[in-house]
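Numbering (our numbering), first residue to last: 50 to 173.
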């Protein structure tokens, strides 16, 4: 400001939420959005359907979540040197109720047993 260098906060860590939401229907299945969570908090994930585990296939969409990816690039430009990936939910299609906001009871595992490995693959 006015040619004065202001001290920064020393930000060096940026976190990325690997989303679990998606709005593309696949094989007559679709995400069940939570009525209590606004759409802007339902982070879209890259793996849109279970047809292929190959990240170069059409089952994956690397153009979603532009704002969060932009934030990571800006953090890197400003010398952040630690980047963390986390997940609040697996992809909607990996879940028993297709709702990435959680199970109906809020106390049971919503991740389908046969998708444990796929969720690990998604995060890798």
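Note that CB positions come from ideal geometry on N, CA and C, so glycine has one too.
Hey, quick one: how far does the beta strand (DSSP E) through residue i stretch, first residue to last?
i: residue 134; result: 131-135
i: residue 65; result: 62-66
I'd like to check one pair, residue j with residue i: are the Cβ atoms closer than 7 Å?
i: residue 98; j: residue 72; result: no
i: residue 134; j: residue 63; result: no
i: residue 139; j: residue 160; result: yes
i: residue 83; j: residue 148; result: yes
To the nearest angstrom, how far is the alpha carbon of residue i from that of residue j?
i: residue 112; j: residue 67; result: 13 Å
i: residue 150; j: residue 136; result: 12 Å
i: residue 105; j: residue 59; result: 36 Å
i: residue 86; j: residue 96; result: 21 Å
i: residue 102; j: residue 164; result: 12 Å
i: residue 116; j: residue 89; result: 11 Å
i: residue 142; j: residue 114; result: 18 Å
i: residue 94; j: residue 69; result: 5 Å
i: residue 152; j: residue 91; result: 15 Å
i: residue 109; j: residue 100; result: 10 Å
Which residue comes first and which comes last in the alpha helix (DSSP H) that contains residue i?
i: residue 1; result: Lying outside 50 to 173, the shown extent of the chain, residue 1 is not represented and no answer is given.
i: residue 169; result: 165-172
Helix, strand or coil, according to DSSP, for residue i in the structure here?
i: residue 109; result: strand
i: residue 99; result: coil
Practice prompt. Check whether the stretch 77-84 touches the stretch 50-61, taking contact to mean three or more Cβ pairs, one atom from each stretch, closer than 8 Å.
Written response: no
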